[in-house]
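Here's the structure, in structure tokens; my notes come after.
Protein chains: 2
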Amino acid sequence: MAQTPIIVLKIGGSTAGNPAALASIAQDMASLSSQYSFVLAHGGSSQTNELCKRLGIAPKFYTSPAGIKSRATDAQIISLYAMACGGQANSQIVCALQAAGVNAIGLTGLDGRAVTARQKIITSVDESGKQKIIRDDYTGKIEKVNAELLQTLLSAGYTPVLAALAIGESNQPLNIDGDRLMAALASALHADMAISLTDVDGYYRNFPNDLVPSLTASELEAAMKNAGAGAASGGMKKKLMGCIEAINGGVREVIIGNGTVASPISSLLAGAGTHITKN
Amino acid sequence: MAQTPIIVLKIGGSTAGNPAALASIAQDMASLSSQYSFVLAHGGSSQTNELCKRLGIAPKFYTSPAGIKSRATDAQIISLYAMACGGQANSQIVCALQAAGVNAIGLTGLDGRAVTARQKIITSVDESGKQKIIRDDYTGKIEKVNAELLQTLLSAGYTPVLAALAIGESNQPLNIDGDRLMAALASALHADMAISLTDVDGYYRNFPNDLVPSLTASELEAAMKNAGAGAASGGMKKKLMGCIEAINGGVREVIIGNGTVASPISSLLAGAGTHITKN
Numbered sequence: 000m001a002q003t004p005i006i007v008l009k010i011g012g013s014t015a016g017n018p019a020a021l022a023s024i025a026q027d028m029a030s031l032s033s034q035y036s037f038v039l040a041h042g043g044s045s046q047t048n049e050l051c052k053r054l055g056i057a058p059k060f061y062t063s064p065a066g067i068k069s070r071a072t073d074a075q076i077i078s079l080y081a082m083a084c085g086g087q088a089n090s091q092i093v094c095a096l097q098a099a100g101v102n103a104i105g106l107t108g109l110d111g112r113a114v115t116a117r118q119k120i121i122t123s124v125d126e127s128g129k130q131k132i133i134r135d136d137y138t139g140k141i142e143k144v145n146a147e148l149l150q151t152l153l154s155a156g157y158t159p160v161l162a163a164l165a166i167g168e169s170n171q172p173l174n175i176d177g178d179r180l181m182a183a184l185a186s187a188l189h190a191d192m193a194i195s196l197t198d199v200d201g202y203y204r205n206f207p208n209d210l211v212p213s214l215t216a217s218e219l220e221a222a223m224k225n226a227g228a229g230a231a232s233g234g235m236k237k238k239l240m241g242c243i244e245a246i247n248g249g250v251r252e253v254i255i256g257n258g259t260v261a262s263p264i265s266s267l268l269a270g271a272g273t274h275i276t277k278n
Numbered sequence: 000m001a002q003t004p005i006i007v008l009k010i011g012g013s014t015a016g017n018p019a020a021l022a023s024i025a026q027d028m029a030s031l032s033s034q035y036s037f038v039l040a041h042g043g044s045s046q047t048n049e050l051c052k053r054l055g056i057a058p059k060f061y062t063s064p065a066g067i068k069s070r071a072t073d074a075q076i077i078s079l080y081a082m083a084c085g086g087q088a089n090s091q092i093v094c095a096l097q098a099a100g101v102n103a104i105g106l107t108g109l110d111g112r113a114v115t116a117r118q119k120i121i122t123s124v125d126e127s128g129k130q131k132i133i134r135d136d137y138t139g140k141i142e143k144v145n146a147e148l149l150q151t152l153l154s155a156g157y158t159p160v161l162a163a164l165a166i167g168e169s170n171q172p173l174n175i176d177g178d179r180l181m182a183a184l185a186s187a188l189h190a191d192m193a194i195s196l197t198d199v200d201g202y203y204r205n206f207p208n209d210l211v212p213s214l215t216a217s218e219l220e221a222a223m224k225n226a227g228a229g230a231a232s233g234g235m236k237k238k239l240m241g242c243i244e245a246i247n248g249g250v251r252e253v254i255i256g257n258g259t260v261a262s263p264i265s266s267l268l269a270g271a272g273t274h275i276t277k278n
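Chains as they are written, first to last, in numbering that gives the first Met the number 0: chain A, 0 to 278; chain B, 0 to 278.
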């Protein structure tokens, strides 16, 4: 049987903790399963925040010179992140997909070296603009996806569900960005499409006005450099960067749209959301 | 290439949290990798206990009419267990194996329905001997192992690492016993051998005296019924029951032995520990 086109989906950790949204995504994936093969990437920030809160640990964040906010991930936090993202969020998603009849298999990037990364040396900027170099942060830049493993699972009829956790150069777990994971997976698998499911209807020139139905990656890059894109939140900026990476990695089309509505994937495939293409 | 004989290993969650023991097991698996294919089963009770302690949640246990103590697993605990066993212990083991050059892939029984179970209705006996029926406990009795998935991974060169978490009849996560998981995996995979690694040298008639180097499953069953076996702790009783189940499931030989020594698997294959056979 020729393999159906691959769609790489990305959902946030908060969606994993939202049973109604998750059930709706799962049902939609099941209804589309004869037309597409899915690979799902997810984060686990909200689960990690919740666990830290219960343990009385205040989460720390770094801000890069470009203004991107990232979770600080020391040795204690990476261990909690492995539990919350790799254990809790991943199993919540797998159970919801299994309940909808999708034979999901949950993995982190550690498993079979599914996603390898290099530990980042982080430059952090404080509120006064002072820069500091951080070397003991377990955050990684994705280097390689084990496409062969994922293809083996897809060919055997499984739907891989990848938690945003990679294996580093010393076999250490590393926190990676879920949107960039989506881009790396879509590129490595030569996916037909990547879809980033979020809690808004797409990319807005001036949120909550001017939803952009379609644009090219270069138009998006240009927009991100000017004031209009400055209005996008840190989370939306990361999503947009993931979309651009996917397009640059050879993916034909990336869609950003609302994952909290009925039949979210079908709606986006039918034209809803923001559609990003190469040209 | 003809597949090498399969050995199913079982380690406790406490070994997963012991980096030196884990590294030694991982190195031994790497050194034996040309002779055997390994599948590893593990628990996560110590990680779950630790997490509960940090969260200020007192663990509850039930005692069965047969005197077997089991963790009480309500909705809150199963969620913590999924994190601690499926997230933390599993990723610790996978990283240690990867560091030794073993291409481990961590799974729970939820993943690809690797292990399905039926939720137990528990009869608990209190200290005064009074029985109580418990229906909201997320503990399962193993029903089926997806041997095809594990064979697919073994054939592709991966070493599956299974956390003791199964998927139930309503797609809910269920806590399962690690020793019984070892038995179910070994039976389903027609494994050549199962090895239960613990922190003592094997099964003793009268701990710490009279280590038994070898016995048959029926001798072991008989011994467990008389006073001598009554001296075995709850943990050892569960291990022995897992060994008997593996033998009854068609496994040629099961070994119980010390996982905290150098080259633990090679030592047991060379004769150390307690060797249990059918006849």
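Ideal placement from N, C-alpha and C gives every residue a C-beta, glycine not left out.
This one's a predicted model, so the numbers in the text were calculated from it and none came from an experiment.
Query	Result
Local conformation of R53/B per DSSP, three classes	helix
Proximal chain B residues relative to D110/A, where beta-carbon distance stays under 7 Å	V93, I104 and G105
DSSP beta-bridge partners of R70/B	F60/B
Beta bridge counterpart(s) of L39/A as assigned by DSSP	L8/A and V160/A
Interface residues of the segment 59 to 79 of chain A facing chain B [CB-CB below 8 Å]	S78
Assigned secondary structure, A165/A (DSSP; H/G/I helix, E/B strand, else coil)	strand
Chain-ordered chain A contacts of N170/B [CB-CB under 7 Å]	C94, Q97 and A98
Local conformation of R117/A per DSSP, three classes	strand
Close beta carbons around A187/A, own chain, < 7 Å, minus the five adjacent residues each side	V144 and A146
Nearest residue (CA-CA) to R70/A, options N48/A, A88/A and Q87/A	N48/A
Neighbour flag for Q150/B against chain A, beta carbons, 8 Å	no
Minimum Cβ-Cβ distance from Y157/A to chain B less than 8 Å	yes
8 Å Cβ cutoff, L39/B in contact with chain A	no
Neighbour flag for A15/A against chain B, beta carbons, 8 Å	no
Proximal chain A residues relative to Q87/B, where beta-carbon distance stays under 8 Å	S78, A81, M82 and G86
Helix, strand or coil at I243/B [DSSP, three-state]	helix
Buried/exposed call for N225/B, threshold 16 Cβ in 10 Å	exposed
Three-way DSSP call (helix, strand, coil) for E252/A in this model	strand
Any chain A beta carbon closer than 8 Å to I166/B	yes
Meets three-Cβ-pair contact criterion under 8 Å: the segment 0 to 11 of chain B and the segment 114 to 132 of chain B	no
Distance between E168/B and G272/B (C-alpha atoms, nearest Å)	38 Å
Cβ of L184/B within 8 Å of any chain A Cβ	no
Chain A contact for L188/B (CB, 8 Å cutoff)	no
Chain B contact residues for R53/A, given Cβ-Cβ distances below 7 Å	L54
C-beta neighbour in chain A for S217/B, strict 8 Å	no
Contact set between S90/B and chain A, taken where Cβ atoms lie within less than 7 Å	A81, G85, T107, L109 and P172
Distance, T259/A Cα to T197/A Cα	7 Å
Bridge partner(s) assigned by DSSP for M235/A	Per DSSP, none; premise fails for M235/A.
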